[in-house]
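Working notes, beginning with the structure itself.
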Amino acid sequence: MDDLLAVTGLTVGFATESGLARVLDQVDFRIGRGEIVGLVGESGCGKTTLARAILGVLPANSARISAGSIEFDGRDLLQEDPDALATDIRGRAITFVPQDPFSSFNPVFTIGRQIEELMKWKSPDAEPGSGPRRYARARRSSDLERVLELLRIVQLPDPEALLRKYPHEVSGGQRQRLMIAMALLPEPKLIIADEPTTALDVTIQAQILKLLRRLAAERGVSVLFTTHDLGTAYEICDRMTVMYAGQDVESAPSDSFFTEPRHIYTVRLLQSLPSRDHGIRGIPGQVPDLTAPPPGCRFHPRCDAASALCRQTRPDPSDVGAGHVARCWHPAQGEGTP
Amino acid sequence: MTGAAPRGRAGTLQPGLEMRALVLTVNRLVWFVPTLLGLLVITFTISHIIPADPIAFIAGDNATAEQIAALKAKFGVDKPVPVQLWNYILGVAQGDFGISLYTQRPIAEDLIARLPATLELAFVAVILSGVIGIPLGVLAAVRRNSWLDHALRVFTVSGLAIAAFWFAILLQLLFAMKLGWTPLQGRVDGWGPDPVTGFYIVDSVLAGDLETLADVIGHMVLPAVTLSFPAMATIMRFTRAGVLDAINSNYVDYQLAMGVPRRVVVWRYVLRNALIGTVTQVGLVFGNLIANAVVVEAVFDWPGLGLYAVNSILQSDYNGIMGFTLIMGTVFIIVNLLVDISHGLIDPRETG
Amino acid sequence: GGKFVFANSSAYDTLDPHAIFDVGRVASRINLYDGLMRWFDNPPHLEPWLAEKVEVSDDGLTYTFTLRDATFHDGSPVEASDVVYSIDRILEMKKGAFSLFAGTVEPGSTKAPDAKTVVFTLNKPSAIFLATVPEIHVLNEELVRANEVDGDLGTAWLSKNDAGSGSFRLTRYDPAVGWQAERFDDHFFGWDMVEDPLDVIEFRTVVEINSRVLGLMNGDFHGTDGYLPQDQVKRLAASENVNVDEQESMRIFYSIIHNGRSPMTDVNFRKALAYAFDYDGFIDNILSGSVARDPVPLPNNMWGAPADVKGYTYDLDKAAEHLAMVKEPLREITLGALAGYGQTEQAAALLQNGLNKIGVETKIVTEPWPVASGKMRDEEQMYDLLFLWKSTYYADPNNWLGEMYACEQIGARNNSWYCNEEVDRLLSEARVSTDQAVRQANYEQANRLLAEDAAGIFVYNTKWFGPFSTRVKGVRFCPIGNGQEMRWVSID
Amino acid sequence: MLETTRFLLRKLASDRTAALGALIITLLVVVAIAAPVLSTHPGDVTEFHPPERLLPPSGDHFFGTDRMGADVYSRLLFGARITIAIAVIAIGASVLVGIPVGLVAGYYRNWVSDALMRISDIFLAVPQIVLAIAIAQTLGPSIENVILALSATYWPFWARLVYAETRSALNDTYVEASIALGASPWRVMILHVLPNISSSVIVRTTIGMGGTILTAAVLGFLGLGPPAPSPEWGRTIAESREFLPEAWWYATAPGLAIFLVVMGFNLLGDGLRDILDPRTRRSGDG
Amino acid sequence: MTADALLSLENLSKHFPVLNVWKRRSGWLKALDEVSLSVHKGEILGIVGESGCGKSTLGKTVMGIHRPTSGRIIFEGNDITHLKPHQSRGMRRDLQYTYQDPGASLDPRWKIGRSLDEPLVIHTRLNRGARRERVREILDAVGLPDGHLDLYPHEISGGQQRRVGLARILTLHPTMVVLDEPTSGLDVSVQATILNLFLDLQKRFDLTYVFISHDLGVVRMVCDRVAVMYLGKVVELGSSDEIFDRPRHPYTQSLLAAVPQIGKGRVTETFWLEGEPPDPGNLPSGCRFRTRCTQARDDCALAVPPLVEHSPGHADACLYSPARRGYSPA
Ligand SMILES: Nc1ncnc2c1ncn2[C@@H]1O[C@H](COP(=O)(O)OP(=O)(O)OP(=O)(O)O)[C@@H](O)[C@H]1O
Ligand SMILES: Nc1ncnc2c1ncn2[C@@H]1O[C@H](COP(=O)(O)OP(=O)(O)OP(=O)(O)O)[C@@H](O)[C@H]1O
Ligand SMILES: [Mg+2]
Ligand SMILES: [Mg+2]
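Protein chains in written order, with the working numbering: chain V, 2 to 339; chain S, 3 to 354; chain L, 10 to 501; chain U, 747 to 1032; chain B, 308 to 637.
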């Protein structure tokens, strides 16, 4: 299969005061070229951790990657030299849109200055390798052209003036547009967008999602889109991967995901959405403590279908439909689909 | 944080940076005068509860009652206290801090003659602490929990705990008395360079007199090191905390995730943010520096305001001490004013 | 030739010779100015100086001085009118040496019949007048008057400039550093008797003892004051660059006792105090034997000091005995000491130590000299006891006894509130008598009575340990100038 | 309350630097209390032995003897009492004045609170030690006056701190919630605001202790502290200068004592800040 | 309609001063501008709108946390507009407010038990035992174990904190509760449980809710009536079904159109609204939505359109409301 990104068996822990938190447990995850993949799951299930692992920016002092591989465009990122990753993968081949556009700009520099710094290192024109000693004038002005053009493309009014502003002088929606522009500027192959609309109002969210989807399609960029809002995921993703407490539980194309969820957790999650049809249903119980996670399938303590098997071993991915993979011993059979 | 509603909003009412700096300056200047007035009232009050009678002292051992009365009239001490206060304020407004009971010269003259010595020392100490303290603070933050961080932590903790006068004595004991590497005390051997600015380093450079320059610097070393030690510790501490705060922030996270080299992020971007916090501390640092200057100058016989104050103490020269307090207060207020203004300039979010 | 640098412990805040009178800053007066007479050597003897000769009338009231040919530093001649101006200025300023002349010389009573003759007319006979004449430093009247501002008698100008005729002429002054002067070649006394007189003298303020000592040892300074703590003197003596010149001086250390306040009004209490001080511990241990025990208020080496007074010893039994005889109620006694003068504090602590043991409660109050000197003149505020020195301003027993214990000096120089009719009679007689034998007998007797009465706790007479660079020759020590008269000195 | 204390103790024990600070301070207190027992020459505070002056450290005199022949070590122990007394009383007075002033000024927004804050601003406009010197000099040297000078110049720090913290606490939802619930101003101030700002006050007070000890030592050094023969540390150092470099122990011992104690308070303060104040925890050491 | 109103607001406004750098007021931020609505006994009134539109301000002004700039608040027939919190103790018991972040409304240094006790201490003369009884009862009602009484707020989860926040206000048995974004920040699975709890308690204690939220899906599920706010104004008010099924105001329409709905058409393909809300301190004249409205005409800028009830129980504030067109003769 021609995947742009293939994460296999990734296991990551964090050293904390109360022991090792097993935040990712043998996670499998892939993204095809030009595909928008949603990574969904409740707060704390490890979405950001997975995203950061791909970017290679897990906190060095506390994160422990104990197994797995991250293959991107034919390179195993976990084996690469970190410096090389920083220069030609991060910000070049893979770019990033953060969750919170309010705090992701440095408050004491103008927006223009921050974009310029990014372009200095990550402009598509920049020669790959050790990075610039000097920011040549010619490149600087061609980069500026490029920036202004893209700012217009993301529908930011008066881009020249905008570059002279400080981040706090710009609204949240505009900041997120800037972030998207900055993610596109290096002409990457993959954009990792970590809950890019959570902090925004619905009307703004709709605008941003629209923009992101259009640009990704136009430019053939793959997007890893994390969110805990299933509605948002439905809007933008071609394919979904659901995570629960550090484990990937199900991965499917959007259509079959919403119509025929197979993993019990996915089913319950979808049922939790307020709906006129079935009222309000939650999932009883609580997410496990990741420093002492339950063995086997981590959802088993809250799962009404759980068996002894579930409590012992975590199922391997099994195909349950076209491109539809679930890791469940007792997959749902069309039961409870919304 | 997830799902929380967005906070913050575009501030279209924000004036430009220059405007902000101006507004800040004016705002602070408006408070300058009342603060100074309050300070005057405090010093006046203090000097009016003194046990000894300064007039009797000025009058000398053999003054008669009439002479004392005449002197009281001359100095205006026979008037009601509010009138005296008013006259005192008027006097200070005109640069008249009274007469030194000890030297019999106008206090203002004495203080101005000594101000450059103190300022030169303070400047050198501040620069020294900044130039060394800031990079070390950044290093400590970047290499958090490394042996370097721990060593620097010991350093900062010591810097803040050590009594400056004792440290000064220790340095003297070691470098001047035992090893003989530096002069024991004083600002220069003999008379120093011809006064132009009053700063000996500048003056000896202006005069092209390298020998004197070397001598001046030699004399400067121990006092400057003593003074800058606690200041350096404070600066380091705040820089470290500031850098750590900044490093843990989302914008650094973002830049690193976008592959901007760590060293660039830290030294060009984080530092600026960290310095905002450090700059606000300069006022505090300067205050401590001045405080320490009093005793450090006494130990090193540095002919500045601190030594003047100590001599005034020994001579019970109340006018001298009050003059010193006032001028220190003024210098301190001005420094804080500058700090506020520069803070406003560095941090675009600051709105006064 | 050469330059001599002296490290002085006190700051030269003013150079006006009539404004100051202390020993610490004597150098500016004695080197930049001249008086009609001058003290020399040790024991001190008085010699005519600017004056060629002096004649005293039989009634002891009229002193006629004849001036030599001398010039001020600006080249103008020293004339009798300058002397008249100078004494009248002293009397008007009421500072410095004023008290020596107060009541004896009236303002305007001094006349200059011609340019070379000055006539002083005293309003009562004084045996000490001549001894105080050296303090009349002669100013260049014209120059001073030209620099007067608002009738300040030129004090502002004189605080930074010189208007004298002395052996050296001021070239530089900075209150924070000190002053520098060059040799005045036209000085009336000439320079023949000195083989290679100094070109330049510099007196620098160096407050820190250690700095003075180190500077001297490494050759930066050529001399410093002779009253260093003994520990430092030892260090200096050990240095090969420094010679320490030892001389018995005339500066006594004692404790004033406030005789006018209970329970010190009781002689037994005063005796208890005197027996409770550890003289040997203080002199032998703390001061390493660098001073001489002096049981009376007069320096041992001054005439008028009786040889037969033994003085008190550290004897707590006797102290307790006398204490038992005290009728007045006891209370906490305040021991005064001078800030910045560690010795006074140590003495007070030692006395406290002794008094503790006989059950007298004490507290030590250390205050700066201006505060202390203010309190000393106030019967209410004066400490119960106060340790301090009494230096030589003029070499006559009256400098000590007459000022410290005469009844008429109470509240001024007599800070003990001590008034004993017999003692007062002896002192008054001695002050006016011109008969040396009478004077000597009177002073000896007065000393005996004062010691017997335990009017104060008399501890020691200072020795002077003048540390000078080995390159320095010709230092002439005199208790009045403290060895700081530089005209005799040379350096190689 | 008991539980909070236990929690604190447990946290303290786990934070190495804070534990070290606490240890030093405990030691100081023990030393001060038990000075008569621990000292080898307890009488030497007021009793002297001139023949034994300036002896170097030995088995009999751990830190040598001073200019009066008294045991430096014993006097050091008794000096700790003075240090503690000055620090505790001066800080106590400042806290007692500063907290109510800051609390009231912070809670009510009217001209009185403005005036109070202006006054404390004026005090803060001069380096504290400069003002303390002026006051101490004016009043004359004694322990009481040192304490007075320190308290008079220190209270604005607490007033300012409490004021700022109160203002920010008033913006906190739980305070607003209590007010909305109908709680009286006093209830809010005493039961909600004060306990919640207490951690910053405690931290500030702990570090302030160190600062006060340093300032008091400076006053002592300048001769504005308690008079001889008080074993106050600052004045001991001043006394000793005359005898350098020979009698190095004389200056070294009290200087080290000041250093240790101030460091103890600073370490404890830093530690408490980390423990009590989750906001700064992030920037502390993990 | 106002007859059975438990609470009614008449032209209620809350304006915050906008300060310039000189700390002088340079204008007003109309966080709440002439809002009139009423809440009926036993109903759940939803208030929706984008961030900063004045939802919380509405709640807090009703509660007396903010002093209203103008207008009247009538609760159970009494005018409580100008009562300060302590003057209206009795009133406070009946009218309660939960904070947007209920965890933050608990004193971090107080154990849960004490926080729950506080309202009783302030408002009742019950003795310790009786209070304890009451607290237990209510804790049980919100589904928390007794053991939680001895925990500190930071020791329990966000969902539990919300329960405690709710318990705290229920101890006084109020008749009406303003719930300010009670589920924001919660995962859907937890949100569902909490919502169920609200509905439960409402039945049990016979409560009336004002339910502030920006989650339209939730509002639709739980609310009987809905008020849509835009920049300090209520732009549409009506029953849930009316609002969600037949929205009239262009803003309401765009708001609904922006919400992704699983299984329906993709918003990213259909959404039309552009731009962002203007600065609330510097509002456009006339209709506040006109700057973003695709149907805006010139007269929209002339006057602020009033909220008009074009059909029973459904009011909107659009000059070109489809309802108005239906009724107008032109
Ligand atoms: N640096 C770290 N040290 C220790 N634990 C961490 C660290 N970063 C994350 N965790 C823990 O790892 C788990 C997963 O965190 P992560 O941020 O990946 O979740 P998420 O799915 O992105 O959640 P959210 O939706 O809240 O952003 C959480 O339990 C979190 O507490
Ligand atoms: N105390 C205050 N002082 C000044 N302005 C305020 C204050 N409280 C709220 N505002 C302003 O009033 C407007 C409405 O705020 P409010 O909190 O009511 O909005 P909201 O609809 O609750 O938003 P959110 O969804 O973010 O909670 C905002 O622009 C806000 O900045
Ligand atoms: Mg996340
Ligand atoms: Mg709100």
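All C-beta atoms in this analysis are idealised placements derived from N, C-alpha and C, irrespective of residue type, glycine included.
Under DSSP, A984 of chain U takes part in no beta bridge, so it has no partner.
Excluding its 5 nearest sequence neighbours in each direction, T105 of chain S has C-beta neighbours in its own chain below 7 Å: D112, listed in chain order.
When B:R441, B:N589 and B:L339 are compared, the shortest CA-CA separation from R379 of chain B is found for B:L339. Contact check for G539 of chain B against K337 of chain B passes: the beta carbons are separated by less than 7 Å. Short note on T198 of chain V: C-beta not closer than 6 Å to any heavy atom of ligand 3. Taking the Cβ atoms as the reference, T471 of chain L lies roughly 24 Å from D393 of chain L, outside the contact range of under 8 Å. Inter-residue distance for H54 of chain L and L167 of chain L is about 30 Å (C-alpha atoms, whole angstroms).
Looking at the DSSP output, L131 of chain L shares a beta bridge with L:V114. Contact between D43 of chain L and G228 of chain L fails: their C-beta atoms lie close to 31 Å from each other, not under 8 Å.
When C-beta atoms of the stretch 793–804 of chain U are compared with those of the stretch 947–957 of chain U, fewer than three pairs fall below 8 Å, so the two segments do not count as touching. I830 of chain U and L1002 of chain U have their C-alpha atoms spaced approximately 16 Å apart. Residues of the same chain with a CB within less than 8 Å of the CB of V251 of chain L, apart from the 5 flanking positions on each side, are L225, M226, L245, P476, F477, S478 and T479 in chain order.
The bridge partners DSSP lists for P254 of chain V are V:R240. Going by C-alpha positions, V140 of chain S is about 18 Å away from I348 of chain S.
Across the structure, C311 of chain V and H301 of chain V are spaced so that their CA atoms are roughly 6 Å apart.
Not one heavy atom of ligand 1 lies closer than 6 Å to the C-beta of T228 of chain V.
Between the C-alpha atoms of Y854 of chain U and W335 of chain B there is a straight-line separation of about 24 Å. T375 of chain L belongs to the set of residues whose beta carbon lies under 7 Å from a beta carbon in chain U.
Contact residues of the stretch 239–266 of chain V toward chain B are F259 and T260 (C-beta to C-beta distance below 9 Å). Residues of chain L whose Cβ lies closer than 7 Å to the Cβ of A974 of chain U are, in chain order, A346, E354, A357, A358, I373 and T375. For K12 of chain L, the pairing in a beta bridge is given by DSSP as L:V209. Secondary structure in the stretch 8–93 of chain V: the beta strand (DSSP E) runs of 3 residues or longer, each lying completely within the stretch, are 20–33, 37–41 and 64–73 in chain order. With respect to the 7 Å criterion, G182 of chain S and D303 of chain S are not classified as neighbours on the basis of their beta carbons. In this structure, ligand 4 has a non-hydrogen atom nearer than 6 Å to the beta-carbon of K362 of chain B. Comparing C-alpha distances from P488 of chain L to each of L:N408, L:F198 and L:W426 shows the shortest one belongs to L:N408. When the alpha-carbon of V791 of chain U is set against those of U:T763, U:R762, U:R821 and U:V783, the nearest one is in U:R821. For A22 of chain V, the shortest C-beta to heavy atom distance toward ligand 1 is below 6 Å. Segment contact: the stretch 178–193 of chain V against the stretch 97–116 of chain V, three or more CB-CB distances shorter than 8 Å; contact assigned. DSSP lists L:F49 as the beta-bridge partner residues of H54 of chain L. G306 of chain S counts as buried, since at least 16 other C-beta atoms from the protein chains shown sit within 10 angstroms of its C-beta.
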